[in-house]
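Note sheet for the following structure.
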Amino acid sequence: MAHLAHYREAHPLPFVITHWINLVAMILLIISGFNIHFPFWAAFEGIARGIHMFFAFVLVLNCIVRVILSFFVKSAPTGGTRRTDTDIKSWLPQTDNRHQAGAWVKYYLFLKKDHPLSAKLGVPQKLSYLLIPPLILIMAYTGLCLWGPTMNAPPFAAGLNLVGGAMMMRIIHYFLMYVFICFMFIHVYLANVEGTAPTKLMFFRREHGGLVYDPDKHAIIGEDELDEKH
Amino acid sequence: MEREAIVSEFYEKLDSRGVTRRDFMKLCGAVAAAAGIAHITATDVAYALEQSVIGAKEGNLYPVIWMEGASCTGCTESFAQIETPDPATVVLELISLNYSETLGAGAGWSFEEAREQTIAAGNYIFIYEGAVLEKWEGQALRVANEPGIEHVTHTAAKANAVVALGSCAVNGGWMAAYPNPAGAIGVQQCLKKHGIETPVVNVPGCPANPEWLEAVLVDVLFLQQLPDLNAEGKPSLLFTQTIHDNCQRRGHFENGEFVYQFGTREEALGYCLYPLGCRGPQTKANCGITRWNNRRSWCVESGGPCIGCTTANPANSNENWVETNTPFLKRHRDLRVGDFRLSPTTIALSVTGLLAAALVIHGFGMKITGRMNGGADFEKVRKWDKRHPDRSIGCYDLSDEECAALEAEAGVAAPAKPVGRTTAAKTGTGTATKTGTTGTTGTRTRAKTAGQDGADAAKKADEESKGGKA
């Protein structure tokens, strides 16, 4: 057992909920978005548009709520500990991440045999998660540039003018959807490739034993085998 | 009280020309409707007309110069299909069309002289149809010993306003489509380059709908003002809503009734043309209201998906409707990468497919290297820390007691009987120790980080203890 123990403190309940909302909203947005782009399922088109607009606002609100909560809710700054600190700190670079970017890349390219020590989020993971909120907002902006009721409002008309019109904006919106799809591929892959424990914790709050890490000493200090094994 | 019906001199004048009051009011109503000016009525138009140069005893009709640039004269042809008032009325009764290569009767020196005289007199409207060509030092369209580009600047400089008629005049249109060999640009861009500040009214379309031009003329002639223009210098009443907003097939769109292929039953039923690349949702114009050819029909009504011909950004000749919308029957335009044309879907699916394949291959790599079950063992010390022991991030030399105390502090393990952490590191056979239980987290066992043997032993001990419990 080489991974760190998975404790609920890593993902407090509010973040489990926002994560669920993200998952449902993104999947529905992608499916309805494909249908709006080309109505492969004709009868779904009208509903798809309703779903798309509704969940776009849900996703944006959820994103804002998640970011604001990160300043108030405490979570474990690293894996393998029940100690908690303000959540935003584990989004931003931590001492545990320092000098480890290269190590992570090498590890995933099989150029490094042992697992890099890390914060709750590794360097590439942290960078990609930090990109998600701005990406959601940009995505929403491009969407509102294309939505009838908002397309003529000055902030959106200016955007349309900037990118070269509604067709280019549609293509940007379309490409950004693939950025989300690619992110989800990588996210789901990396979260599960070394075992399903992280997923079980994130979605169902099931804990899992493993190595114990100290966020102050930045080192592994032992091992904790929980009764419950998965 | 004596009441006397007074017929104005204006109506007597009309009567003498065979125009009844009813005819006149019908014309005014048509003008108001055609202009799409919601806030003025036929009565307003009638009043304005009476007060205008047309109703005046003295003065001239508003002079107009209508010049062809790099055009197909399609906009003129389109204008010839105007219904009410008919083209002859517009040309002969409402304006004084002093110069028009297509509609004018004159030719040669005297014709050009008429233009010069109109320019010299000033107070005229300049309608320019077609693109301005910048290549060959602006010499293209050279007429009457004057380079084409000078015709534009020279005529526009003194005009009250320029009407850029048709998408070519707005930003080069299809003339400016890749590779734009003639350097086509729109009138507004050309005037800006030459520092001419005459206001430009952009009326896009390929061709422009005649009623749009008429709407502009109505505002200028009768209301003595330019229409309200949007950020692109287009009359906002005509170019704010999309084709989709006013489309008669919109109901089928809402119902999810689409034409996927020409020649099918769905096409015969007049369903929505969206899957065939219809640009209605992103094209701003009121074609569905004004319609075309004596208001008989228009593109979508006659079965053709909108191809977005009014898409024209006057500030950017690359954002012309042909570049933006081809291939017309696809939902997206093609993107140009060098000499290749690729659809956005091809690009997106290729990148995503490559990524998916890379992840699958990576997964095999993870399997082969035995990382699938919990990942590789953790590094004992960060590489950077090893190289910079004086500035090390982590504390790797904690004693067992210290470790146990930290664990207890973190609430993940009860104080345990110390296991020779350093011993384990040395021998690689750190023994697992039983620990007490705390809270809800169950039995805990401490073992050395990289001492896998120790960890295995710990697991074993743990399993045994559980077996005992069971």
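Protein chains in written order, with the numbering used here: chain A, -17 to 212; chain B, 146 to 615.
For glycine and all other residues, C-beta sits at the position ideal for the given N, C-alpha and C.
None of these values were measured; they are calculated from a predicted model.
By a beta-carbon distance limit of 8 Å, Phe138 (chain A) does not contact Ala501 (chain B). Their separation comes to about 33 Å. Beta-bridge pairing by DSSP links Glu274 (chain B) to B:Glu213, B:Leu310. DSSP, reduced to helix, strand and coil, places Val164 (chain B) outside both helices and strands of the structure shown, so it counts as coil. Interface annotation, Arg188 (chain A): not in contact with chain B, CB-CB separation never under 8 Å.
Per DSSP, the unbroken alpha helix (DSSP H) holding Phe224 (chain B) starts and ends at 219 to 224. Note that the C-beta distance between His(-15) (chain A) and Gly519 (chain B) is below 8 Å. In this structure Pro450 (chain B) touches Cys423 (chain B) by the C-beta definition: roughly 4 Å separates them, less than 8 Å. The Cβ-Cβ distance between Val404 (chain B) and Pro426 (chain B) does not fall below 8 Å. In summary, the residues of the region 37 to 66 of chain A whose CB is separated from some CB of chain B by less than 7 Å are Thr63, Arg64, Arg65, in the order they occur in the chain. The Cβ-Cβ distance between Thr497 (chain B) and Tyr160 (chain A) falls below 8 Å. If the five residues before and after Asn439 (chain B) are omitted, its C-beta is found closer than 7 Å to the C-beta atoms of Gln226, Glu228, all from its own chain and listed in chain order.
Comparing alpha-carbon positions, the option among B:Asp373, B:Gly328, B:Ser255, B:Val297 lying closest to His339 (chain B) turns out to be B:Val297.
Proximity of Lys71 (chain A) to chain B, defined by a Cβ-Cβ separation below 8 Å, is not satisfied.
In terms of beta-carbon proximity, Met517 (chain B) lines the interface with chain A, with at least one pair separated by less than 8 Å.
With its beta carbon less than 8 Å from one in chain A, Arg476 (chain B) belongs to the interface.
For Asn431 (chain B), the closest Cβ of chain A is not nearer than 8 Å.
Look at Gly498 (chain B) here: in three-state DSSP terms it is helix.
In the DSSP assignment, Lys108 (chain A) forms no beta bridge with any residue. Spanning the alpha carbons of Ser462 (chain B) and Leu487 (chain B) requires a straight line of approximately 21 Å. Note: Asn347 (chain B) is bridge-paired with B:Ala309 in the DSSP secondary-structure output. Burial check for His533 (chain B): the Cβ neighbour count within 10 Å stays below 16, so the residue is exposed.
Contact of Phe167 (chain A) with chain B by beta-carbon distance below 7 Å involves Leu500, Ala501, Leu504. Taking 8 Å as the cut-off, the Cβ atoms of Glu552 (chain B) and Asp96 (chain A) do not count as close. At a cut-off of 8 Å between beta carbons, Val496 (chain B) contacts chain A.
Using beta-carbon distances, Glu402 (chain B) counts as an interface residue toward chain A, with a partner under 8 Å. Leu193 (chain A) sits close to Gly62 (chain A), with the two beta carbons spaced by under 8 Å. Contiguous alpha helix (DSSP H) elements confined to the region 457 to 535 of chain B occur at 466 to 470, 489 to 513, 528 to 532, taking only those with 4 or more residues. Neighbourhood of Ile153 (chain A) in chain B, by CB distance below 8 Å: His477, Arg478, Leu480, Pro489, in chain order. In summary, Phe22 (chain A) is exposed, with fewer than 16 beta-carbon neighbours lying within 10 Å of its beta-carbon over all protein chains present. Taken through DSSP and simplified to helix, strand or coil, Pro352 (chain B) comes out as coil. The beta carbon of Met121 (chain A) does not come within 8 Å of any beta carbon belonging to chain B, so the residue lies off that interface. Straight-line spacing of the CA atoms in Tyr156 (chain A) and Glu554 (chain B) works out to 50 Å. Counting of Cβ neighbours within 10 angstroms places Gly293 (chain B) among the buried residues, the total reaching 16 or more. Within a 10 Å sphere around the beta-carbon of Ser495 (chain B) sit fewer than 16 other beta-carbons, which makes this residue exposed. By the criterion of at least three beta-carbon pairs nearer than 8 Å, the region 462 to 473 of chain B is in contact with the region 313 to 322 of chain B.
At least one CB atom of chain A sits nearer than 8 Å to the CB of Asn461 (chain B).
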